[in-house]
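Heads up, the sequence shown is in our numbering, so the first residue is 78 and it goes up one at a time.
Glycine included, C-beta positions come from ideal geometry on N, C-alpha and C.
Owing to the predicted nature of the structure, the values given are computational and were not obtained by experimental measurement.
Written below as structure tokens is the structure these notes are about.
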Amino acid sequence: DIAVLAIPVGVRDDYHEEFARRDVPLFVEKPFAITVEEHDYLLSTHEKIFCDYMRTCFSTTRQLRAVVQSGVFGSLKRVVMTEQGRVGATGLSPDSYKLDPSLSGGGVLMERGCHPISQLEFIFEEYKKDVKSAEIKYSAGIDVQVSVEFGFQSDDYQIPVEFHTSDIYPIPNKSIFIFENT
């Protein structure tokens, strides 16, 4: 009835082709795709293909979206989100697929950062998005630290968002939403 594709992104091509040929609905584990072109190709190839990020279904994420949309605390002035990656002993062997960007699709941004970014996308679904700046540090082709400044814009105002994730140093997992009145 449905297939779940939860293998490294770098070895999925044959499976995508076969499930598309069979017209089997497909649920794809993150990362869904590595490039916009790959994303568009997968959507055009499969009749029914899905990828979801669990945190968009969290009650707290949905409540926060309602708070932002309602304006109950006034205008949202600023957002800061941080997400810790794998700091210290990782338990990964040196030949792990997660350390090979051609198989894993990337590092800390794909593994951890995609979750808070999916929450931001859900919360600000109706807003225009713009990446203002991005600083990414790499080690052996894998991103190990990412800092991004976004701008989410509505007709009325712009909301600056800072996002940070790191495998290099410990940072707390937190989301700070600063409103006009709280």
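Residue environment analysis places S136 among the exposed positions, since fewer than 16 neighbouring C-beta atoms fall within 10 angstroms of its C-beta. DSSP places T138 in the helix class (H, G or I) of the three-state scheme. Secondary structure within the stretch 90-131: the alpha helix (DSSP H) runs of 4 or more consecutive residues, fully enclosed, are 90-99 and 113-122 (chain order). Bounds of the alpha helix (DSSP H) holding P178 are P178 to S181.
One thing to note: H192 has its Cβ within 8 Å of the Cβ of E160. For S170, the secondary structure class from DSSP, reduced to helix, strand or coil, is coil.
Taking C-beta atoms under 8 Å as the contact rule, A97 and H116 fail to qualify, at a distance of about 15 Å. Excluding the 5 residues flanking it on each side, Y234 has same chain C-beta neighbours closer than 7 Å at S152, in chain order. CA-CA distance, D177 to T112, rounds to 17 Å. Bridge partners of R155 according to DSSP: I255.
Of the residues F104, Y92 and M158, the one whose Cα lies closest to the Cα of I255 is M158. Here L82 is bridged, per DSSP, to V105.
The Cβ atoms of Q230 and K205 lie closer than 8 Å to each other. Listed as beta-bridge partners of E160 by DSSP are T242. For F201, there is no enclosing beta strand (DSSP E), as DSSP marks it with neither H nor E. Where F150 is concerned, there is no enclosing beta strand (DSSP E), because DSSP gives it neither an H nor an E. It is roughly 11 Å from the alpha-carbon of K154 to the alpha-carbon of G148. One thing to note: G218 has its Cβ no nearer than 8 Å to the Cβ of G87.
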